[in-house]
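For reference, the structure is listed below as structure tokens.
Residue numbers (UniProt numbering): 1 to 252.
Right, dumping it as structure tokens:
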């Protein structure tokens, strides 16, 4: 895919992640931002590593109470619990499981990554905003939907690693809050959502069929999207190029 000068104005492109944050989250440093400010915008990226880094960069701009939460990691099931060092278990990241450490501030938008209580509106994908950070729970309000404005208290739950590829000879048991910051999210997580202001961070090209289409189609107007792309993707004419992965076999 080519993003040329003709197809995309300079105010919709950037080579810098901080400039992308400025464009998608203008004035995020300010106090008393309404929930709608966060509900209507997000930065999308192909990988969890990029998402975590962007979330950290935006969070650094917020003022207010900060707290660091760490998970309790152990091996699940029978066997020697001391077979692997705790530091090694802490370093592991599995799909669908929160990272071992989360630094979060009051006022941060967060998203549920597990179904917790459907009666309370705490389902996978629910977006909330942190009110206060407690030792044993996160105090938050739901930001959208029929339960918008409802106050909830989110406890830690147990996650078990899905080790289908047998990369490790064990199942990791991680006790952690079932939420992550949501200034940024993976492109896959954004499927089915409509977002008014979108940033797309392509430090590296997408790697799955249809991923680029999903990222670029979250908005209803071309003016509402900003793309940050690696500087090596720009040619001498100023056009930027990125790969659009298509499995041609499905069209045969």
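Built from N, CA and C at the ideal position, the CB exists for glycine as well.
Computed from a prediction, not measured in an experiment: that's the story for all the values here.
On the criterion of 16 or more Cβ atoms from any shown chain inside 10 Å, does residue 18 qualify as buried, or is it exposed? By 1-based counting over the chain shown, the position of residue 18 is 18. Classification for residue 18: exposed.
Residue 53: first and last residue of the uninterrupted alpha helix (DSSP H) it sits in: In the chain shown, counting from the first residue as 1, residue 53 sits at position 53. Segment 48 to 59, the alpha helix (DSSP H) holding residue 53.
By the DSSP assignment, the alpha helix (DSSP H) with residue 153 in it spans what residues? As a position in the chain shown, residue 153 is number 153, starting the count at 1. That residue, residue 153, is in no alpha helix (DSSP H); its beta strand (DSSP E) goes 151 to 155.
Whose C-beta lies closer than 7 Å to the C-beta of residue 11 among residues of the same chain, with five residues either side of it excluded? Residue numbering aside, residue 11 sits at position 11 when the chain shown is read from its first letter. Caution is warranted here: a pLDDT of 45 is assigned to residue 11, below 50, making its placement in the model unreliable, and the coordinate value is therefore given only provisionally. Nothing meets the Cβ criterion.
Determine whether the beta carbon atoms of residue 142 and residue 40 lie at a separation below 8 Å. Indexing the chain shown from 1 puts residue 142 at position 142. Indexing the chain shown from 1 puts residue 40 at position 40. No. Outside cutoff.
Since residue 57 and residue 21 are thought to touch, with beta carbons under 8 Å apart, how far apart are those beta carbons, to the nearest angstrom? By 1-based counting over the chain shown, the position of residue 57 is 57. By 1-based counting over the chain shown, the position of residue 21 is 21. Rounded, the Cβ-Cβ distance is 6 Å, consistent with contact.
Sheet register partners of residue 184 (DSSP bridge): Numbered from 1 along the chain shown, position 184 holds the residue referred to as residue 184. Note: residue 184 sits in a beta bridge opposite 43.
Within 10 angstroms of the Cβ of residue 181, are there 16 or more other Cβ atoms? Answer buried if so, exposed if not. Position 181 of the chain shown, counted from the first residue, corresponds to residue 181. Buried is the call here.
With DSSP as the reference, label residue 85 as helix, strand or coil. For this step, residue 85 is matched to residue 85 along the chain shown. Residue 85 falls in the coil class under three-state DSSP.
Buried versus exposed call for residue 262 [16 or more other C-beta atoms within 10 Å across all chains shown]: The question about residue 262 has no answer here: the residues shown for the chain are numbered 1 through 252.
Rounded to a whole number of angstroms, what is the C-alpha to C-alpha distance between residue 87 and residue 220? Locating residue 87 in the chain shown gives position 87, counting from the first residue. Locating residue 220 in the chain shown gives position 220, counting from the first residue. Going from the Cα of residue 87 to the Cα of residue 220 covers about 45 Å.
Bridge partner(s) assigned by DSSP for residue 189: Counting from one through the chain shown, the residue named residue 189 turns up at place 189. Answer is none; residue 189 lacks a bridge partner.
Looking at the strands, I want to know which residues DSSP matches up with residue 201. Along the chain shown, read from residue 1 onward, the residue named residue 201 stands at position 201. Residue 201 pairs with 228.
Of the choices 197, 202, 203, 81, whose alpha-carbon is the least far from that of residue 218? What you label residue 218 is simply residue 218 of the chain shown in a count that begins at 1. Closest by alpha carbon: 197.
Those residues which DSSP pairs with residue 101 across a bridge: Indexing the chain shown from 1 puts residue 101 at position 101. 70, per the DSSP bridge assignment.
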